[in-house]
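Data first, discussion second: the structure below is written as structure tokens.
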Amino acid sequence: MRAAYFDVDGTLVGTNLLHPTLKYLMTTASPIESVRRVLGAALDAPSLVAAELKDRKLFNERLFFHFKGMSQDRMEFLSDEVFDAVIRPRIFRGTGELVEQCRSAGLRIILVTGSLACTVAPLAAHLGADQVIANRLEYKEGYATGRLMRPVVAGPEKARIMVADARERGIDLAGSHAYSDSFSDVPMLSLVGHPFCINPDAKLAKLARSYHWSILDIDRPTPGEQGVSRRRKAFGFFG
Amino acid sequence: MSNTHPCVVTIDHRSKPRVLWSGDQLVEVDLPVGTRVVYPKPPMAPLQDVDAAIRYAINHPLNSEPLYAKLRPGMKVTIALDDISLPLPRMKRPDVRQRVLEIVLPMLRDHGVDDIEIVVALCLHRPMSEDEIRYMVGDRVMAEFWPNRLYNLDAEKPGGMTYLGTTDAGEEVEIQTRAAESDLILYVNVNFVPMDGGHKSVAVGLCGYRSVKPHHNPHTIRKCDSYMDPHASELATRVQRMGRLVNSKVDVFTIETTLNNRMFDKPLDFLGRNEDDLSPSEERMLRGLVRSLKFLPQPARQAIFQKVPAPYGVTGVFAGETEAVHERTIRRNYDQYLVPVEGQCDIMVCGVPYISPYNVNSYLNPLLVSCMVNGYLFNLYRGAPLVRKGGTMIVFHPCSDKFDADHHPAYIEFFHRILTQTRDADRLHREFEPEFAQNPGYIQQYRTGLAYHPAHPFFMWYWGENGRQHVGRVIVVGADNEYVPSVLGYETAPTFAEALRMARETAPPDPEITCLRVVPMMMADVTVPEHARKQVEATASTPAGETVDA
């Protein structure tokens, strides 16, 4: 069996972890609590930036700490609203077709993301994904503790989780595909026989050129659609 | 061997070195005395009035009613155009396709035809950029039609292909849905090489992978002798079968054009001529060019040759029913390209130029080098291959391990991962092509980027199949590494003298040597003396390396 592993934020949708997080924080039981939570996250911004620069796992843990005290029921209840308001409008133009193409090629569709599982669930259903590997909040007596369940899905940990999962399911990683936009996902991309960079950040784009990894833009129109012209940026030679 | 045609000269003691292409550089080669050198014919005179020729052709078509008689208000018309792969390099503006469009479109409008779409018939080639399309069709057509009614074919668009039927030989035929549902398909062609045009335009240009598979495969190419001669080409036979099915379902009006081979403008127009015939100033310019190219960085060299358009002249415009038109087109192509050559050779010497149909505005990567050597350069003949069965080709090219990531992403994996496992075309076709052809990421790059379809690198390998079956050895002079030639199955030599010494080891005593001075475009019309003909026929179906007693 072969699989197509997809990062989500920045790869299939034009969001990052902050977009749905803010939506959750703004949609609590009372306006005062919403203001308190959003302000708290805003004041924590410098620490979040520092954490992101240091380590993606650290960033995830710091960000999701702001869910402390939120009820599990509410998190799951809001997930459809978050999908409709924040995620669905930002799904890239070519996401559906790319996923469908992978499915037609006989690949198992697996979303591998640092987002929360409850947040990604509606997207997974929308795309018809077979499996989701995502972060889960730790709950105690129905309320989030602010911590993430181990292992935290981020960076190299994504790759370790993929290997373990592939072994369990009999997935041939050499024949599998992986798609991501972030340099932090290099371990994940390196695992598979067919890595693809979608809208890569600058560091990943540079590495992609060196490693001969293909670069895709799935938000471009296909022939016959209105819009952006297909300009060639530069000769992309490998030497 | 004897040859009295002025384009075939024999090297003697007074001859100057020949200047051959080695990628985007020129190298001076001292050919041994007695070597036969075949040059392209001088450019034919172009038509005096191209627009008049276009109007005449569409009003007096071959085996068809005139174009205007086919038109009625409200009908649906799809105009399909040849893509960027020809001519090579691009011609000076206005491109002949622009000229045809600027005559045909007003005629359509005058007859009340408004439902018009223009599609670049690229099949699984790379899409053209907006700038490239603009160059081809001109600003006026661009302003009116781009981007919703002028676009690249998307052969992988879900639901974008319509199945038309299956031929008696089991070939499944599908073409773009828009074209299949049209009342009329107008095809505007530039017939740069005799392999192109005819039924290949619509039946291949507008089809997808399902319909390309029946002929873009190893066994079809192996049966071509050569694929530049449609009457001896299995590729042309299959395409014709499929094209006849298309034409039985959809009304197709073909407009084909031919060009002369005037590839270089002044002051570089001496590049295709006999070095012994150059004036002193031309000789100085040639020497200067050879030297200065050595010092320029590769992108600059590429820009010099690929960005400067060719002053091609239009030599023919034919319109009407596909096969009737194409017979005339091929004859006009041959008028320009065919140089009569008597007898085959044991060693064929050839420079590999910087350009192929598949690397316009990018680099001739290792896979395309092999496509040129074993494919195009080998197949530039009619009658019999220029080199005898089991003979040696000595070619010049750096064979750099360089690929263009935007145009040829699938080629990179094909070359480094697949071709290093096997060069057996049948095994590649059977074991690796199906999965590659469905690779979602590469397909996405074809659909929304500027990339060739992931099946295309396989076709590039198959394109050299009949050459590989025929030629015994290929020796590359001037390779900048050993890895690429070894993956391709080639030997290397640091100099021409060494390559010749190596070639002589397996050649008959006193081997016949011929240098094909290709670029500009040409073909050798090879006639084989009676006493040698039986040998040629007997060895035609025997793989290279095996001997046959005449």
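Note that the protein sequences, when read in sequence, are chains G and U. Per this note's numbering, the very first residue in the first sequence carries number 3; after that it's consecutive. Per this note's numbering, the very first residue in the second sequence carries number 2; after that it's consecutive. For every residue, glycine included, the Cβ atom is placed at its ideal position computed from N, Cα and C.
What separation, rounded to the nearest whole angstrom, lies between the Cα atoms of residue 253 of chain U and residue 78 of chain U? In this structure, the CA atom of residue 253 of chain U is about 10 Å from the CA atom of residue 78 of chain U.
Any contact between the region 137-157 of chain G and the region 114-123 of chain G? By contact I mean 3 or more CB pairs, one from each, below 8 Å. Segments in contact, yes.
In the DSSP assignment, find the beta strand (DSSP E) that holds residue 394 of chain U and state where it starts and stops. Per DSSP, residue 394 of chain U belongs to the beta strand (DSSP E) from 388-397.
When Cβ atoms are compared, which residues of the region 388-405 of chain U fall closer than 9 Å to chain G? For the region 388-405 of chain U, which is checked against every Cβ of chain G, the residues closer than 9 Å are 401, 402, 403, 404, 405.
Here's the rule: buried if 16 or more other CB atoms are within 10 angstroms of the residue's CB, otherwise exposed. What is residue 167 of chain U? Answer is exposed; the Cβ neighbour count stays below 16.
Determine which residues of the region 435-447 of chain U have a Cβ less than 9 Å from any Cβ of chain G, and write them out in chain order. Residues of the region 435-447 of chain U with a C-beta less than 9 Å from any C-beta of chain G: 436, 439, 440, 441, 442, 443, 444, 445, 446, listed in chain order.
Assuming residue 513 of chain U and residue 347 of chain U form a contact by the criterion Cβ under 8 Å, report the distance between their Cβ atoms to the nearest whole angstrom. Between the beta-carbon of residue 513 of chain U and that of residue 347 of chain U there is about 5 Å, and that keeps the pair under the 8 Å contact cut.
Per DSSP, what are the beta-bridge partners of residue 315 of chain U in this structure? Answer is U:260.
I'd like to know if residue 110 of chain G contacts chain U, where contact means its C-beta is closer than 8 Å to some C-beta of that chain. No, no contact with chain U.
Please give the ranges of any alpha helix (DSSP H) in the region 300-364 of chain U, keeping only runs that are unbroken, at least 4 residues long and fully inside the region. Segments of the alpha helix (DSSP H) lying fully in the region 300-364 of chain U: 323-338.
Whole-angstrom distance between residue 32 of chain G and residue 11 of chain G, CA atom to CA atom: Each residue's alpha carbon lies about 29 Å from the other.
Please state the DSSP three-state secondary structure of residue 196 of chain U. Here DSSP, grouped into helix, strand and coil, assigns residue 196 of chain U to coil.
Just to confirm the assignment: which complete alpha helix (DSSP H) runs, minimum length 4, are found wholly within the region 109-143 of chain G? Listed in chain order, the complete alpha helix (DSSP H) runs (minimum 4 residues) inside the region 109-143 of chain G are 119-129.
Contact check, residue 148 of chain U vs residue 430 of chain U, beta carbons under 8 Å: Between residue 148 of chain U and residue 430 of chain U, the CB-CB gap reaches or exceeds 8 Å.
Taking 8 Å as the CB-CB limit, is residue 12 of chain U close to chain G? At a cut-off of 8 Å between C-beta atoms, residue 12 of chain U does not count as an interface residue with respect to chain G.
Are any of the Cβ atoms in chain G nearer than 8 Å to that of residue 316 of chain U? Judged by the 8 Å Cβ criterion, residue 316 of chain U is not in contact with chain G.
Can you confirm whether residue 2 of chain U, when its beta carbon is compared against all beta carbons of chain G, has any partner nearer than 8 Å? The predicted position of residue 2 of chain U is uncertain, since its pLDDT is 49 and thus under 50; no value can be drawn from it.
Ordered list of beta strand (DSSP E) runs contained in the region 75-130 of chain U, each at least 3 residues: List check, beta strand (DSSP E) in window: 77-82, 116-121.
Go through its chain and collect everything with a Cβ distance to residue 95 of chain U's Cβ below 7 Å, but skip five positions before and after it. Within the same chain, 139 come within 7 Å of residue 95 of chain U by CB-CB distance, once the 5 residues on both sides are set aside.
Looking at residue 361 of chain U and the ligand ADP, is the gap between the Cβ and the nearest heavy atom below 7 Å? This structure lacks the ligand ADP; in fact it carries no ligand of any kind.
Those runs of the alpha helix (DSSP H) which lie wholly inside the region 174-236 of chain U and span at least 4 residues: Counting only unbroken stretches of 4 or more residues, the alpha helix (DSSP H) elements lying wholly within the region 174-236 of chain U are 178-181, 200-206, 210-213, 219-223, in sequence order.
How is the alpha helix (DSSP H) around residue 526 of chain U delimited, first residue to last? Run containing residue 526 of chain U: none in the alpha helix (DSSP H); it sits in the beta strand (DSSP E), 524-528.
Counting beta carbon pairs with one atom in the region 68-81 of chain G and one in the region 408-416 of chain U, are three or more of them shorter than 8 Å? Taking 8 Å as the limit for Cβ pairs, the verdict is that the region 68-81 of chain G does not touch the region 408-416 of chain U.
If you run the structure through DSSP and keep just helix, strand and coil, what is residue 157 of chain U? Assigned with DSSP and collapsed to three states, residue 157 of chain U falls in coil, not helix or strand.
Run the CB neighbour count on residue 14 of chain G, radius 10 Å, all protein chains shown included, and call it buried at 16 or more, exposed below. Under this definition residue 14 of chain G is a buried residue.
Whole-angstrom Cβ separation of residue 521 of chain U and residue 137 of chain U, contact assumed at under 8 Å? Cβ atoms of residue 521 of chain U and residue 137 of chain U stay farther apart than 8 Å, at about 21 Å.
Would you say residue 222 of chain G lies against chain U (beta-carbon separation less than 8 Å)? For residue 222 of chain G, the answer is yes, since a Cβ of chain U falls inside 8 Å of its Cβ.
Own chain residues within Cβ distance below 8 Å of residue 314 of chain U, not counting five before or after: Excluding sequence neighbours, residue 314 of chain U sits near 44, 45, 46, 47, 48, 260, 261, 263.
Any idea if residue 234 of chain U is buried or exposed, counting beta-carbon neighbours within 10 angstroms, 16 or more meaning buried? Classification of residue 234 of chain U: buried, given that the 10 Å Cβ count is 16 or more.
Beta carbon of residue 68 of chain U nearer than 8 Å to that of residue 59 of chain U: A distance below 8 Å separates the beta carbons of residue 68 of chain U and residue 59 of chain U.
So with Cβ pairs under 8 Å, would you call residue 216 of chain G a contact of chain U? Chain U contact via Cβ: present.
Below 8 Å, can you find three or more Cβ-Cβ pairs linking the region 315-329 of chain U to the region 239-258 of chain U? They touch, by the three-pair rule.
Say whether chain G places a C-beta atom closer than 8 Å to the C-beta of residue 178 of chain U. Interface flag for residue 178 of chain U against chain G is unset, since no Cβ pair is found closer than 8 Å.
Would you say residue 449 of chain U reaches chain G, if we count a Cβ-Cβ gap shorter than 8 Å as a contact? Yes - at least one Cβ of chain G is within 8 Å of the one on residue 449 of chain U.
Tell me whether residue 524 of chain U is buried or exposed, calling it buried when 16 or more other Cβ atoms sit within 10 Å of its Cβ. Counting other Cβ atoms within 10 Å of its Cβ, residue 524 of chain U reaches 16 or more and is therefore classed as buried.
Consult DSSP for residue 514 of chain U and reduce its assignment to one of helix, strand or coil. Looking at residue 514 of chain U - three-state DSSP - the assignment turns out to be strand.
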